[in-house]
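Novice: If you want our numbering, it's the position in the sequence shown, counting the first as 1, plus 442.
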Amino acid sequence: MLVAITRRLSPSIGQCELTHVEKQAIDVERADQQHRRYEMELVTAGCGIDRLPAEASLPDSVFVEDTAVVLDELAVMTRPGARSRRGEIKSVAAILGAYRKLSYIEAPGTLDGGDVLRVGRRLFVGSGHRSNEEGVAQLRRLLKPQGYDVVSVRATNCLHLKSAATCLGSTALLINPDWTHPSQFDGCEPIEIDAAEPGAANALAVGDRIILAAAYPRTRAMLEKRGYLVSAVDISELAKAEGAVTCCSLVFERQP
Ligand code: GLY
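Below, the structure is given as structure tokens:
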């Protein structure tokens, strides 16, 4: 059984952090509806939803992916690079502690879950923006005993590594080669997005399907041609907050 931790959208999402996206008005009600439909896709893909209540004082808190790295053996609670997001950790730790033993990234380390791309026993971490080298080094130390390799990589012109590359299962990587160079992902099979859709590399592989933003029909068609089952979700309001499909959940196997 898969679990997806989510959090109800904050009514203050309009005050979110923005790095590569111009500020635009966000229709909170529409964003909330899009988030609920996204959760329904997760249920269709086989997830049980464990939902946190909204946090009015934490504008970005719907993007729970950034708060933790969940593995079979443990969960590492992050220390987000944006100060405004550090208050998100405590409540996610409280819920995640029921599923996994917890470890923590500590100051001066910073790490955003959106920068951590897992491919089997390897974790590629995008460093240099929200996540720093100290955060990567702490993650490496915490995961070495479990046999994980932690590899620092670069992504540019985007918020997180997973804006530029995500794993579609096994070693297949959906990638925007203009934002992160495929040669950094040794042993992976790169699948390039349609060049007209730069944000399309953020895809969520869950159960038997790939959840992809509806804004990327060309990349969707390319993936379907390769045999992937793709569910398109409209997250246009969440995208105005620089959110994408992976950011809105923490998905993992429930353990007996
Ligand atoms: N608004 C998403 C983030 O900057 O963390």
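We put the CB at the ideal spot given by N, CA and C, even for glycine.
Might you give, ordered along the chain, the residues of its own chain that have their beta carbon closer than 7 Å to the beta carbon of Arg572, omitting 5 neighbours on each side?
Specialist: Pro522, Gly523, Ala524, Thr552, Asp554, Asp557 and His602
Novice: If you draw a straight line from the alpha carbon of Phe694 to that of Ala467, how long is it in whole angstroms?
Specialist: 33 Å
Novice: Which residue's Cα is closest to the Cα of Gly539: Leu516, Ser526 and Gly529?
Specialist: Leu516
Novice: Once DSSP output is grouped into helix, strand and coil, what is the label at Asp591?
Specialist: strand
Novice: Compare the Cα-Cα distances from Thr461 to each of Gly589, Asp650, Cys600 and Asn644 and report the closest residue.
Specialist: Taking only the C-alpha atoms, the option nearest Thr461 is Cys600.
Novice: So which of Asp502, Leu616, Ala535 and His623 has the shortest CA-CA distance to Ala510?
Specialist: Ala535
Novice: Taking 7 Å as the cut-off, is the CB of Gly641 close to at least one heavy atom of the ligand GLY?
Specialist: no
Novice: By how many angstroms is the C-alpha of Cys689 removed from the C-alpha of Arg662?
Specialist: 19 Å
Novice: DSSP has Leu646 in a bridge; who is on the other side?
Specialist: Ile653
Novice: Using 8 Å as the limit for Cβ to Cβ distance, is Leu671 near chain D?
Specialist: Absent from the structure is chain D; it holds one protein chain and no more.
Novice: On the DSSP bridge assignment, give the partners of Ile447 in chain order.
Specialist: Asp492 and Leu692
Novice: Use the C-beta contact count for Ser605: other C-beta atoms within 10 angstroms, 16 or more gives buried, fewer gives exposed.
Specialist: The residue in question, Ser605, is buried, as its Cβ has 16 or more Cβ neighbours within 10 Å.
Novice: With 16 as the cutoff for other CB atoms within 10 Å, does Met482 come out buried or exposed?
Specialist: exposed
Novice: Please report the distance separating the alpha-carbon of Glu634 from that of Ser625.
Specialist: 13 Å
Novice: Report the residue ranges of all alpha helix (DSSP H) runs contained in full by the segment 530-606; include only those spanning at least 4 residues, in chain order.
Specialist: 531-538, 575-585 and 603-606, all fully within the segment 530-606.
Novice: CA-CA distance, Glu576 and Ala549?
Specialist: 9 Å
Novice: Within 10 angstroms of the Cβ of Asp508, are there 16 or more other Cβ atoms? Answer buried if so, exposed if not.
Specialist: buried
Novice: Within the same chain, show all residues whose beta-carbon is closer than 6 Å to that of Arg528, passing over the 5 residues directly before and after it, in chain order.
Specialist: Pro522
Novice: Taking the continuous beta strand (DSSP E) assigned at Pro632, which residues delimit it?
Specialist: For Pro632, the uninterrupted beta strand (DSSP E) run begins and ends at Glu631 to Glu634, by DSSP.
Novice: Should Ser533 and Ala498 be called a contact, given that it needs their Cβ atoms to be closer than 8 Å?
Specialist: Taking 8 Å as the Cβ cut-off, Ser533 and Ala498 do not qualify as a contacting pair.
Novice: Under the DSSP definition of a beta bridge, which residues are partnered with Met664?
Specialist: According to DSSP, residue pairing for Met664 in a beta bridge does not occur.
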